[in-house]
Structure formats: structure tokens, C-alpha cells
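Residue numbers (this note's numbering), protein chains in the order written: chain Y, 1 to 467; chain W, 468 to 934; chain H, 935 to 1401; chain G, 1402 to 1868. From the three backbone atoms N, C-alpha and C, an ideal C-beta is built for every residue, glycine too.
There are 4 protein chains.
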Amino acid sequence: MTGTASEDKLHEECGVFGIYAQEGAEAAKDIYHGLTALQHRGQESAGISVSDTQGPKGNAMTRKGMGLVSEVFSSSDIEALKGNIAVGHVRYSTTGGSIPENAQPITMNYIKGMISLVYNGNLVNTKALKEKQMYRGQAHFTTSDSEVIAYEIISARIGSDSIENAVLAAAKNLKGGYALIVMSPRKLVALRDPFGIKPLIMGRRDNAYIIASESAAIEAVGGEIVRDIEPGEMVTFGTDGIKSDRSLCGSKHAHCAFEYIYFARADSRIDGVEVRDARIEAGRLLAAEDKVEADIVVGVPDSGLLAAEGYAGASGIPFAIGFHKNSYIGRSFIKPSDSERQTAVHMKLSVLKSVVNGKRIVLIDDSIVRGTTMRQIIEMLRNAGAKEVHVRISSPPFLYPCYYGTDVPTAKQLIASEHSTEEVCGRIGADSLAYLRVEDLSVMAGGLSLCKACFDNVYPIDVSEGR
Amino acid sequence: MTGTASEDKLHEECGVFGIYAQEGAEAAKDIYHGLTALQHRGQESAGISVSDTQGPKGNAMTRKGMGLVSEVFSSSDIEALKGNIAVGHVRYSTTGGSIPENAQPITMNYIKGMISLVYNGNLVNTKALKEKQMYRGQAHFTTSDSEVIAYEIISARIGSDSIENAVLAAAKNLKGGYALIVMSPRKLVALRDPFGIKPLIMGRRDNAYIIASESAAIEAVGGEIVRDIEPGEMVTFGTDGIKSDRSLCGSKHAHCAFEYIYFARADSRIDGVEVRDARIEAGRLLAAEDKVEADIVVGVPDSGLLAAEGYAGASGIPFAIGFHKNSYIGRSFIKPSDSERQTAVHMKLSVLKSVVNGKRIVLIDDSIVRGTTMRQIIEMLRNAGAKEVHVRISSPPFLYPCYYGTDVPTAKQLIASEHSTEEVCGRIGADSLAYLRVEDLSVMAGGLSLCKACFDNVYPIDVSEGR
Amino acid sequence: MTGTASEDKLHEECGVFGIYAQEGAEAAKDIYHGLTALQHRGQESAGISVSDTQGPKGNAMTRKGMGLVSEVFSSSDIEALKGNIAVGHVRYSTTGGSIPENAQPITMNYIKGMISLVYNGNLVNTKALKEKQMYRGQAHFTTSDSEVIAYEIISARIGSDSIENAVLAAAKNLKGGYALIVMSPRKLVALRDPFGIKPLIMGRRDNAYIIASESAAIEAVGGEIVRDIEPGEMVTFGTDGIKSDRSLCGSKHAHCAFEYIYFARADSRIDGVEVRDARIEAGRLLAAEDKVEADIVVGVPDSGLLAAEGYAGASGIPFAIGFHKNSYIGRSFIKPSDSERQTAVHMKLSVLKSVVNGKRIVLIDDSIVRGTTMRQIIEMLRNAGAKEVHVRISSPPFLYPCYYGTDVPTAKQLIASEHSTEEVCGRIGADSLAYLRVEDLSVMAGGLSLCKACFDNVYPIDVSEGR
Amino acid sequence: MTGTASEDKLHEECGVFGIYAQEGAEAAKDIYHGLTALQHRGQESAGISVSDTQGPKGNAMTRKGMGLVSEVFSSSDIEALKGNIAVGHVRYSTTGGSIPENAQPITMNYIKGMISLVYNGNLVNTKALKEKQMYRGQAHFTTSDSEVIAYEIISARIGSDSIENAVLAAAKNLKGGYALIVMSPRKLVALRDPFGIKPLIMGRRDNAYIIASESAAIEAVGGEIVRDIEPGEMVTFGTDGIKSDRSLCGSKHAHCAFEYIYFARADSRIDGVEVRDARIEAGRLLAAEDKVEADIVVGVPDSGLLAAEGYAGASGIPFAIGFHKNSYIGRSFIKPSDSERQTAVHMKLSVLKSVVNGKRIVLIDDSIVRGTTMRQIIEMLRNAGAKEVHVRISSPPFLYPCYYGTDVPTAKQLIASEHSTEEVCGRIGADSLAYLRVEDLSVMAGGLSLCKACFDNVYPIDVSEGR
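Written out as C-alpha cells, the structure is:
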């Protein structure tokens, strides 16, 4: 159940997209399509900055606004954004604290012209950096990390001989998980945190270079994948070609497990692993030691479908499409007053009755956060005649907060944090409940070294400075 | 591939929803949710009219606008629409001729107060009716049938003793396929054409009666299904309960086959047949005599998925999810310039590469209209490594126009009308191509008597008056 | 004190403007400027209809909206309105009953193509006409007279051989004061009521004919005045030139006195009399028998200034500008909460202190409606040090309602209707108060025969059918 | 001819308004009305910042937008701006370089909470200040001086013990003419440049203190005038009352002469002189040595009317109102294509024909900039039958640029800079032309020491740093 109206889900914070094209190219149009391909990573706001590398140094233009990419930008907006290099951003919709000022790109005019920055992630030392900046007389207009990073860069730039060296100097002060693209009047600089928590990948189309949060976005604009940006690597695109700096690279990696479980598009490949394959594998791993007897395997659309396919294949129990999903429930949808008989979940999902009537069902979803949605889904299945509902979750129980950019409810709201698996099973009304084992996560992701902090409380980066 | 950005699909023209609730109820909110559940039937415009049966007779309020239900109505709009009976409408987005004036409901103030009318369908004798009306001095402000029907009703009302008798008198002049709900200051009147071409169903929630194009919309607002309105039946809801008039009912029915194939929601039940079951059955029928050897069965999302599941079940070839669909490609999306490498289809659909690489694929879709989309999809599969692509279509070749309310390209644009199946197979680049047989349509729909005119040129209602 | 924020004034209901230009001309632009020149006659809504006399017969386009002309129409709107003949309308802003549907032009498609109609005035037999129309099956979408008139015309057109004959036939059914312009696909027809209550004048610019409520609007678009349309005259503009029909003309005229006193622009000439001259004359007539001793004559801007100039000239007491007027108090201005020290009147008008301090003042205004504004103005003058304030009003006491199109408060709200002149003088806090005599009105207007019903209760047209 | 559509005028850049009220007061509403009273000083953008002195220190809210005060703010906007202290700003509409970012107030979050700043004027050392700031790492988001001043203040605040001391320290770096109001979370600080070029005045209403560009705005919100802020004086409003700092005050003053001639409202009193009196006096001074024989004195509305009254009084030639002015020609008005017979000037001004026909006219206006408007006005008078037109201008010839905040065309566009008075007279088509003498300016303004740089090239502050 991807999407905007569901509040019982974890949320990624952002998607970034950048392009360095030849003189005369219209970069904004590609950013528009790239951001549309990344829209699942954030629906709150969208923004694009362009620069014409042949124009004067302060010629960057930025346009951003609240809403979907297609709501923020009209054809004429895109045409007005003239320039051959560009960066863009989509931001996730929080329930309350969303303010227009926090939309990205963050563009600053400074002593060397301008920088425009897009960023996905979270720093754990924002507070200390911000205080230091304020003592320099740097005013803050947003509550976002991206502004803090931009100030680090422009301050570093005063003593640096190039924008990439300023980014590198600033990066030494940044603690957290992030993927970053910085546009200067003439260059694009991409940077990924040393643990590789957030994804960032490079592509190419003819003479243009493309940077994006996910490979699917590069392919959506007709590009070919070159390779992932390495954890800690900084890549600079300029008139003299591409330069890579690996001085921040380390040996310890910790890729976010939730990209494979839920965040990323199924058709993306992140750090060498196809997301679709990971989800199929999660289903297989769930089935591997499962002894439940059932008639059909049903996935909660859209994110539970692939794990359901994997489970069905491994278990031999037939796969069936069990739900209709209404794809018109967007941000501005007015929710029903949540009577017993009509809720936002009922509006969004409905059961195909003849499928489930009289059946024993294995129900696959990617995660349980508060448990309220799952409880309603199971009730709908029972109302439609399901005899048994065995819930299988393609991730381990979610127990700890994320400090690197994923929006997580407080521990009290996390049902798995407050209750045993047996209790959760009872509360959601299932006949049985099982999760993917923490030790299976790496198997799922083809052996990659993952950040599993939200499941096992082991944080790759010290988070004691908190937020 | 449901939805707004695809232009290579047939389109339903509308969805209707009405509610007759007890005094003091807030009918508009239910209409809002009912229309949201019917949004797949039309995304061009949405509208709601309400009446307070305790208020003065001219107290109806109508609000309508271009766009999705959630775009047209804000919370405060819905709150402002006070009344316990209401009708609502969603209208399909045509490419050019869409004008705000044609949005429904059509509300008219006349000698007995007002009527507000919502309508799905098409008349074949509009021109003659309109001319007759103009000679009466009735001005026309729209180019829609609904205005013509409304004038027939208010003219008939002058000599009738009740709104329902006026609707009945007017109905005798209407030739075509239609589902109609008329709201007077105190009553709701629902009417379905004598052949039952367009669907219309009745539900109930406590003391409120609900009328809708599809059962799923009644359930979305927490209602229970009572029964389909019979072909030719008129049902009147008023303070003295429900009255049914069957004087227009006949013995010959012709339900639109495309509701089962593509238009309706999979979770709806129309004239006693579950749409999901019909689609599964279409897949089974396709498999029944198919001898193709393949590794996987893949459906084109969303409408090809169920037929693919049915085909897989009957053939024993494994079902696999083969595509990622981007659900953020809405009406206002700016399309790419359609280079070879990036098209609107590429933005909307992408292949899960590891699924199809090296495989022989049975590809299921519900229809081929122009063939352009299918050609691109097959090309994407081949680029991802598919060895063979065998296309199976869960409907017969589309050959003739529809005069009853479905938007169809001209014959020249219908690939099946201009080319043999073998030629079509070559043009779309498939290894083989097969369609559902016309004689299997009734089997698919549980033996119902269907309108198959677009496949076999046999029109249930004389269309010589044309349009 | 012209304008939108003042509620203590009478209000004209509308201004009309039409143009019949040569093929290829862009009539909409002239209408835009003509309506801007008539904006003082109505600020609630504005609208334009155009027709291309070379195009197909149904090619008229209408655009209208709430607000000022410059708010309703953008450059691109005006460019999109292609056509060489056109009509336009501005409508006055009532406090509550203003609904978008009532905006003009009213455009109807009917058996002979279309008509588009603009209208200033009021009928006294609307109710009877409307009922008759409803029995014909003609639906009503507005609460305006203009729709009623349009239906009369299209019904008459069925039995008439030309649009002008249909207008003439319809006109025989209309009772009231009105100025009307009807556009058919190929012609423009202008009509003025037989008493000439409402003004309507004809002009010319090269080969184009212009019709407008006031001469100033014709001159604003560079036209020259030809002559007033006569009371009861119908003028038709078509490919074969101008035709005049005087069959409805009578000998008894009754031009609205308030056009001279307050409604019309000072630079307009209506029925042969310059509005500026009438206002100067009103001031002179007030001075003629006045024996008050004073130091300066001050007019309430803008409409009291000319009468003040006339009074000063006749009396020998020096004229002085005594107020600053804030011209930025528009329709959307948020009023203060009306404490003693800050009111909407204080925001709009302020006293030039050094002018009035220690002075005996003759204060001239055009009318007193409720008296509240005048009371505040006098208080401001006293606070600024005025020794005496002698109020002189350039119209007689306003006592009776207008049935021909002027918006008048109920008798209870008319201070002169409820109180003697002496009492009014006390209530507004003046030292003395005098009005223009009813018998001086004709003198003021150069001997014209005026409608003075609001002053003397003598109505030229029977109003017993009321409204 | 005040106002937005005239391009042949000098323009003031801004108006400022601030209020320091008791706890619980709704300051935003007063700012709204105060800004409306200052709207003549700028129509491009409007903005308001509020702070609740009882709330947390970062609780300021700012709202600003393009357009008039009444366009930018709705009732609900004003209600949402909760706080008892506030500042507001109106900005003048330039033809091209107007960007939303430059709207004021400028609000910055910094180490001590926030400041919000409104400002009228211009600095001559912006460039040097900005470069210094950029080397501190302070990014710039606008092209306005106000941002530069705000950075000076927050940088100074780091080493200061109070906001007022920071403002004072920053002020020492500012060169130019300015009136400034700074809001901190708890205080309001008002500052005027040492020469008093820009006006700033203090008022009071009960316990609330008010600061504004003009006295009329204080009175519009029901306040009483306390006194002008002295040139160079800084006044601080806080919980412990008012404090004045005069350490920047000097003995040399140079009040902008154009405030009296044209910018300010006639009902304002600036530095002890009533603007109305100055304008009357300018007319008298023009008449003093004039020997022209004429029949009437006519002023160009609105700004020429008072000088005309003064001229008439001194010369004995009768004053007459000679023009109708259309007050609906706003910012969004679509201009005519400027044929000979219809121009923007014709739309805005028209002649009262019977006044001028056959007359010898003294025509008074406040200034001639390019001369194009005056030429058209004289042509209109002649077309209406004027026999002679003698132009008298109530200011000296405009010859030099202003560096302190008035928008002036380039010297080439200044007709007086390129041509002798005799030539100008010929070009505008007048029978004679005379200006106010430079030496009469101080007489006009009651002996005040004025900045007359635009007339005599003597700049009170060194402008060599230029811009």
C-alpha cells in the first residue's frame, strides 16, 4: 500500500536527481521526468535549479513548490528554466511540520557566485553545526539540514580553490547518512556518505551525465547506468570531464535495508542488487521455514505483491490477486470520518470477494508500523469470508528509531516495540504472524552489508549528538 | 495500464452516484467518497448537487469543476453543500472537446422547483430531440445529452402529476444506452435503459438508499448491495419509500461487454457477475486452446493482471509480476518528446529485468486499440532480454464504433480494423498473437446477454439516426 | 466619495458597451477599454461576448467573472476573444445577493444560432414573464432580468423573420426602464426604453459603430459621438448599415435624475446635457437662495466637488480642497472594527487640517442616504477645528424606492424618509442643512423631462406588478 | 495624476509602519490599515511580520506577496498573524526588476532569535557592505539593501548586549538616506538617517506606540501624533518603555523636497510642515511673479490640484475642475495600443469640455519628467477648445539622479536635462512654461533645510561609492 494517504507506513525523506549536459541542452525537462520517476520517494514538495554553463556566473534559476512534480511545474515553467546543468528534488510529505521554506533545492548567492544543493538524508550533528554558523552571522531561513550543509560549503569555499574542494572540506564536518548533489555555476558535484546509507547512482546518455537516487530514474529519461557512486566517494562533473575523489571512502558499509524492503522502486538496482529480486527473496525466505497450510498467498498492494510472488513460488501455495487498490486517493483526499464501516483504508483497498471466500490465506506485507491498517485489512478479509489469515511480514519487527533520514513514529506508536509478536498477532486479528529474521536481511540483499539499526539497535554512526 | 496518461485505450464516459438519506444527513460527504470510488470511470470533471428535503423547494446547490474529485472539492466545499439527498458525477477526460459547461450534474430551475440530473451513456436521437426543444424556445448552454434529457423531463413535467411520471414520459423519447439519476427537491429517481447497456445498482446503509454505477462505490461508503436496477426499470425514492416502475422493461438485454473486460473495478459485481471472476475466466478461456510453450505469464498492469492470473492457473505456466507502474503520471504530466529512448509509455511502465531476461513470455492485456503502446511494451521486454513474447488479448479484436457512450477512435486508427491478426502481430513485434473469441464473451460473463456491437457489428438499438 | 467601499450611497446597476466593427477587427479590446471607462457603474462583475461575422453562426465566445474589468480579463483572455462585433457589461456590487450566474452577457444557443445580451435597468413585470416562460419549458439558471429578456427574444424569434423584429416583438412585453444591446451572430441591436429612463448613446470610429451607456466611454476608445439613442428607439447594425425603428417611441420622457446628480461621469453628455454642467448648476441653484455666512466651500470628494465649485462661484465664498481621499480602498479591503477613532470612512477620507481649522464651512455633497457617513465627516471636520459646518445637498431628500434599476435601501434606512430636515440636521451634527428643491431638478438638467420618482413618488411606469 | 498606470512620474520606493502594543493586542490588523494608508508610496508588494512578546523568541511570523495590501492579505491571513508587535512594508512597482524575493519585511533567524526589518531608502555603500558580508559566509537571497542592513545588524548583535546597540553599531556603517524599523522578538527599534532624508514619525494610541513613514497613516489607525523621529535618532520600544539615542544626530539636515512636492499625502505633516500647505504655497510662489493673463486655473489631478488652488488664490484667476480622472486604471490594466486617438493617458484623464472651451488656461502640475504625458494633456485641452495653455510646474526642472531611494529615469529621458525650458515648452505644445525656482523650495517648506540634489546637483552625502 504505497502512497500518500496511508499514514501507517515508514517514509523515505527524499529523492535527488542531477544532470550535467552539453551546452545548449534543456536540462530542466530531464529533471522533471527524473523527479517524476522518483516521486514515490517524496510527495510534499518538488524543486528544480538550472544553470547555463555558458552564461554569467549568477544565472542560476530555482523554482520549487508544495505538491507533486506535475502540480508544481507547468510546461511554461519548465521552458523558462533555461540551462544545461540542473539539480532537482522531491520531498516527502509529513503530516504537520511541512513548510514551504524547507523545499529544496537550496540556492545561495555567495562570494563565488551561487550554489544550489539537493540532499537526501539526515545529519546527527546539525545542532552543533548550526550554532557555529550562527556565530559567523549566517542567518537561517529554514529548519532543514540542507541549508546547514550549504553554509558549510560556502564557508569552506572562501578558503578553497574549487567548489569540489569546498564540498570535500565541508563533508569532513558532516555526520550522518546522505546523498548530495551540489551545482555551482559551472559544475556538478555528487557525494555519498562514507557508509553508503543513502543510495546514489550515476548514468549517462550520449554526452550527458546523470546522477540520481535510483537507477530507475536514470532509465526513465533514456539513460544507461554507469555505476553506483561509492560510499564516501565524491564525483565532480565539469568541462574537463569527470573526476572522482575517494579520500572519504572507508571499508565499513551500511546500506539502508529499507530501500530493498519498501522504499525503492522494484525496477531499481541499488549497490548491485535488483530491488525486485530482494523482495522475491524475502518472500522465499519467509516461506522457507513456514509450515502453515493455506489455500492462497495474497500480497497487500503494491509493496507486498513481489514478496507474495516469492512466497508462493517457494511454498507451492497458489498466488492470487486479492485486492483492488484505488489509485486516486491523493494528498488532498478528504478522509471519511472513520466509522466502523467506512475508513480511509476501505476507500483505498478493497477485497476481491470471490478470491478469498472460504479460503485459508497467507497474507504478505512488507512491514507493520502501528498495526491499525493491518487490523482493518484482516477484518475486510474476514468479512469477505476468509477462513484463516496468516500474516507474514517481509522485514523484521520494527523496534528502534532511524537517525539517518527515515521518518519513524515514536516507539510508543510502534506496535512491535510495545508488544510481543503473539500480542501483535492478537491485536491485528490474525491467525498467525511471522516476520523475516534479522539474520536473513543480508541474504535477501545478496550478501550486502546493511544498516539494520531500526531492527537491532546497532547504529553505524554515533548518534549521541542526537538531533 | 489504467488511467489518465494512456491514450491508447478505450474510455468509459462517466460514473453516477446518488443518495437518499434521512433528514439532517450530510449527503455530500458520501457523494464525495462514492465519486472517488468511481474515479476510474472519468477524470475530466466532477460535480455534486444536494437538496434538503426539509428546506424550500428551490434550495438545491450544485458545485462542479474540471479535474479529479479531490481537486474539485475542498473540505469546506463539501461542508457548504448542505442537504440530505444528493447526486454526483465524474466525467471522462477527452483530449480536446472537454468544456467546463458539459460537467454534470445539470441543474435546472423550472416551474416545479428544480431538477438536477446525472447521466452515464449516450443517446442516438439527440439531434432530433434538440431541434424539437429549440422550437419550444429552450436554449442550450452545453453540447451534452444530459441537458437534452433534462429539457425532456421539465417539458414532460408540465403535464405530469409527479417527477417520476415526468421522467417516465421523457424516457419514452430517449433512444440509447444510459443510466440516469434525477434529483427533484424531495425525491430521487433512478432509471436504466431498457437493454441494460449501462450498469446501475442500488444499495442501502441504515435508512439511506444509494444508487451507483458500480457496486464497489456503494461498499466504499459502507453500504450493502440491495440489487441491480433492472434494464428499463425506474426506481423512485421519496418520503413514502421506494417505488419501482417496470413499464419500460423488455425481454432483450445487452449489457456492455467492456465493463467486464476493462471499464469496471475488479471488485464490482454487475448484473450478478463479479468483474474479477469474468477477467480470470477470460484468461482461462484464452489458455484453453492455446498450445504455446512459455516460461512465464505476465500481465500488463493493472487491467491485464487478473486475466494473466487466470491464464497462468489454466495453463500451468507460472505467473510473474513483470512490470513496475509509476502511479504518479496524472492528467497534468508533461510528456517527454517521444525519442526512441524515452516516451510516455517508458515513464509509466518499466520492466523488472531479472524476471524476463532469457524467458519466453506470455503477455496478457485486455485490448489493443491503436497498437502503439503494445509495440513499445514488447520492445521494452526484448531490450530486457525476453526471448519470445506471445501476446494474448482478453477481448476480441475491436472493429466497430460504439454509439452508446464509449469513446472510440475512428476505424482508421483501430489497428484491428485495418489489419489482419497476422499483420497486427508483425506490427507490434510479437512472436504470436491471439484474441478471445467473440463467442466466448458470454461464457466469460457467466452466460449474460451482452452488447458486443464493437466486435460483431450487431447493435441492439437502431443507430441509423446517428449523431 | 465615489466607489466601492462606501455603503452609504445609492448605486447604479450596470454599464453596457457594444461595438460593430469591420471584418477582421478585434472588438474585444475596445470593449475592454469601454468597460473600464464605465467601471464606475458597476464593480461586481464584468463580461464580454464576441462574434466573428465571417465565421460560422455559433462561433460566439463569452467570458465573464466576478470583479473589476482588469481583474476578470488578462491580455491573453482578450486575445482569445476573436470577433469583430462584441458586447460587454459591468455590474454593480451588491452586499449579499451577488452570484456569479447573474454576470452578463447572457448568451443562449437557440434555433437561429445564438444571442448574447447586455442590459442595464429593471423590469417591473419580471415575475409574470418568468412564469409564462416556465410554462413553455424554459429553464432559468439565474435570478436576473437579462435571462428573462433573452428568453422573450428567442421565443419571439421563432415566429420572426429577423433578430431585430424578434427584439421588437419582445420589447412590447417589457415594462420598466432599460438600455439593451443584443448581439446575434451577424448583427447588433440596441434598444432604449420608451421613457428613456436609462441612458444609451451611439458613436462612431472610422467604419465601426459603438453603443454605450455613456458618451465618455465612446470617447475613451477614440470614438466620436453620433447621437443619443432616442427613448423607445431600436437601432440595428448589420452588413447593410444602420436601421432605426421608432415604433415604440412615445412623447413622454423621464430621464433618471440621478445620472446627472451622481451616477454618470462628469465628462459624459447625456440626452444633450453635460453632466459637469448639471452639477455646477446644482451648486449654483443651492447658493441662489442661501444666506449662510461662511469662510470656505468644501466638497466631499469626488462627487461633491463640482457642485462645490458651482456654489463657490455663485456665492462668492472661496472654494477649497478640504479632504484627502485614499483611492486604494477597494472591494477586498478589510474594514476596521469601527471604533470611535477608526472607521472605514476615516480610512477613505481625511481632512486637510490647516484648511478647516477655525473656519465656517459650507460642505457640499450629492446626497444623504442613511446619514452615517455624513455624520462622521462632520465629526472629522469639527475635530480638525471647524467652527461651523453648513451642509448643502445637490439633490432633494431621497424618500421613495426606485423600481427601474437603482439599488436603494429600505425606507426605514433612508434618514430623510424617517426624519424631518431639522431632525436630520441634528442627527448628522450640522449647523444647518439644505437640499436642492425638486422643482430645480429640471433647471439643473437644462430643462429635460426627468424621472424624479425617488423624490416625489410620481412613477412614469405603473409599478403595481411590483417585483 | 497619482498612481500606478502613469509611467511619466517619479516614484517613491516604500512606506514603513510599525506598532508596539500591549500584550494580547492584534497588531497585524493595525499594520494592515496603516499600510493601506501608505499604499500611495508603493504598490508592488506588501508584507507584515508579527511577534508575540509573551511567546517563545522565535515565534515571529512573516507574510508578504506581490500586489496591493488588499490583494496580498485576506481576513484570515490577518487573523493568522498573531502578535502584539509588528512591522509592515509597501514597496513601489518598478517596470521590470521587480522580484518577489525583494518584498519586505526581511526576516532572519540568528543566534539571538530573529529580526524582522522594514526599510525605506537607499544606501550608497551597498556594494562594499555586501562584499564584506560575503567574505563572512553570509549568503544573499535578494538584491535589496534591506538584506544587507539585516546582516549588518545580526553580525553586530554577536558582540552587542542588546538589539538596539546592534542596530546602532550597524548604523555607523550605513551611508545613505533611510528610515528603518527593526523588530526583535521583544522590541521595536526605529531609526532615521542623520540627514533626515526620509521621513519617519511617531504616534500613540492608548498604550500602543506607532511608527510610520507619514503622520496620515498614524491617524488612519486612530492614533495621535507624538513627534517626528529626529534625523539620526534611534528610538527603542520595549517592556521598560521608550528610549531615545541621539548619538548619530548631526546639525546638518536635508529633507527630501519631493515628499512635499509629490510623494506624501496632502494630509500628512512631515518635520513640522503640513504637506497641503507646502503645495498651496508652491502655487502661490508660482503666481507671485507670473504676469500671464488667463481665464481659469486648472490642476492636473490629483497632485496638481492644491498648487492650482494656491495659484488661483494668489492670482485672482478662478480655479476650475477641468478633468475627470478614472480611478480604476490599476496595475493589471491592459493599455491601449497607443494610437493617436486612444492612449493610456486618455483612458485615465479626460477633459470636462464645457470648462475649457474657448478659455485661456493656466495648467498646474507638480513636475515634468519625460514630458510625454504633459504633451498629451495639452493636446486634449486644445481638442476641447482651449485657446491658450500656460503650463506652471510646482517644482524646479528635474535634472540630476537621486541616490537616496527615488526611482528616476536616466538623464537622457529627463526632458529638462536634455532641453532648455523654451524647447520643452515647444515640445509639449504649451503657450508658455514656467517652473518653481530652486531658491523658493525652502520657502515652500516653511524654511526647512531640504535635499534638492535632483535640482541643483548638491548631494548631502558623498555618493562617489555609487551603486
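Inset, instruction - With 7 Å as the threshold, decide whether the Cβ of Arg136 (chain Y) is near any Cβ in chain G. - result: yes
Inset, instruction - In the DSSP assignment, find the beta strand (DSSP E) that holds Asn587 (chain W) and state where it starts and stops. - result: Counted as a single uninterrupted DSSP element, the beta strand (DSSP E) harbouring Asn587 (chain W) occupies residues 580 to 590.
Legend entry - Limits of the unbroken alpha helix (DSSP H) element including His89 (chain Y): Premise fails: His89 (chain Y) lies in the beta strand (DSSP E), 85 to 91, not in any alpha helix (DSSP H).
Inset, instruction - Find the nearest neighbour of Ala1557 (chain G) within the set G:Phe1542, G:Thr1543, G:Tyr1579, G:Leu1530, judged by alpha-carbon distance. - result: Measuring C-alpha to C-alpha distances from Ala1557 (chain G) to each of G:Phe1542, G:Thr1543, G:Tyr1579, G:Leu1530 identifies G:Leu1530 as the nearest.
Inset, instruction - Could you tell me whether any Cβ in chain H is nearer than 7 Å to the Cβ of Asn982 (chain W)? - result: Nothing can be reported for residue 982 (chain W), as the shown portion of chain W is limited to 468 through 934.
Inset, instruction - Can you have a look at Tyr1044 (chain H) and say buried or exposed, based on whether 16 or more other CB atoms are within 10 angstroms of its CB? - result: buried
Legend entry - Euclidean distance between Cα positions of Glu259 (chain Y) and Ser735 (chain W): 35 Å
Legend entry - Close-in-space but distant-in-sequence residues of the same chain around Lys359 (chain Y) (CB under 7 Å, 5 per side omitted): Asp295, Ile296, Ala386, Lys387
Legend entry - Whether Ile1582 (chain G) touches Val1519 (chain G) by CB criterion (7 Å): yes
Inset, instruction - Report the rounded CA-to-CA distance for Ala103 (chain Y) versus Arg91 (chain Y), giving the unit in angstroms. - result: 7 Å
Legend entry - Residues near Pro100 (chain Y) in its chain [Cβ-Cβ closer than 6 Å; skip 5 each side]: Met66
Inset, instruction - Alpha carbon to alpha carbon, how far is Leu1439 (chain G) from Thr1495 (chain G)? Give it in angstroms, no decimals. - result: Confidence is the limiting factor: at Thr1495 (chain G) the pLDDT is only 49, short of 50, which leaves the residue's position unreliable and the question unanswerable from this model.
Inset, instruction - May I ask you to list the residues that DSSP assigns as paired with Val702 (chain W)? - result: Its beta-bridge partners are W:Ala657, W:Ser711.
Inset, instruction - Residues of the segment 71 to 82 of chain Y with a CB closer than 8 Å to any CB of chain W: list them in chain order, please. - result: Those would be Glu71, Phe73, Ser74, Ser75, Ile78, in chain order.
Legend entry - Element boundaries [alpha helix (DSSP H), containing Ser512 (chain W)]: Element bounds for Ser512 (chain W): not the alpha helix (DSSP H) but the beta strand (DSSP E), 512 to 518.
Inset, instruction - Specify, as a first and last residue, the run of the beta strand (DSSP E) that Asp1162 (chain H) falls within. - result: Where Asp1162 (chain H) is concerned, the enclosing beta strand (DSSP E) stretches over 1158 to 1162.
Inset, instruction - Below 8 Å on the Cβ atoms is my guess for Cys948 (chain H) versus Asn1099 (chain H); work out the distance and round it to an integer in Å. - result: 26 Å between Cβ atoms; not a contact.
Legend entry - Inter-residue Cα distance where the pair is Val656 (chain W) and Ala638 (chain W): 12 Å
Inset, instruction - Measure from the C-beta of Ser583 (chain W) to each C-beta in chain H and report whether the shortest distance is under 7 Å. - result: So, not an interface residue.
Legend entry - Contact with chain H by Asp1678 (chain G), beta-carbon distance below 7 Å: yes
Inset, instruction - Check the DSSP bridge columns for Arg360 (chain Y) and list the partner residues they point to. - result: Looking at the DSSP assignment, Arg360 (chain Y) forms a beta bridge with Y:Glu388.
Legend entry - Reduced DSSP secondary structure (H/G/I, E/B, other) of Val1232 (chain H): strand
Inset, instruction - Kindly indicate which residue of Y:Glu147, Y:Phe141, Y:Gln342, Y:Val124 has the alpha-carbon position closest to the one of Ser116 (chain Y). - result: Y:Glu147
Inset, instruction - Could you give the DSSP three-state label for Thr839 (chain W): helix, strand or coil? - result: helix
Inset, instruction - May I ask you to report which of helix, strand or coil DSSP gives Cys249 (chain Y)? - result: Residue state, collapsed to three classes: coil.
Inset, instruction - With DSSP as the reference, please indicate the residues paired to Arg461 (chain W) in a beta bridge. - result: The structure shown does not extend to residue 461 (chain W), since chain W spans only 468 to 934, so no value can be given for it.
Inset, instruction - Please name the residues in the segment 1407 to 1434 of chain G whose beta-carbon is closer than 7 Å to at least one beta-carbon of chain Y, in chain order. - result: none
Inset, instruction - Quick one: list the residues of chain H neighbouring Lys1754 (chain G), beta-carbon separation under 9 Å, in chain order. - result: Neighbours of Lys1754 (chain G) on chain H, chain order: Asp1201, Arg1203, Glu1208, Arg1210.
Legend entry - Proximity below 7 Å, CB of His1434 (chain G) to CB of Val1622 (chain G): yes
Inset, instruction - Could you tell me the distance, in whole angstroms, from the CA atom of Arg1275 (chain H) to the CA atom of Gly1624 (chain G)? - result: 8 Å
Inset, instruction - State the beta-bridge partners of Leu433 (chain Y) as determined by DSSP. - result: Y:Val391
Legend entry - Selected residue, minimal CA-CA separation from Asp228 (chain Y), among Y:Asp245, Y:Arg205, Y:Gly196: Y:Gly196
Inset, instruction - Following the continuous alpha helix (DSSP H) through Thr574 (chain W), name the residue where it begins and the one where it ends. - result: Note, Thr574 (chain W): premise wrong, no alpha helix (DSSP H); beta strand (DSSP E) at 573 to 577.
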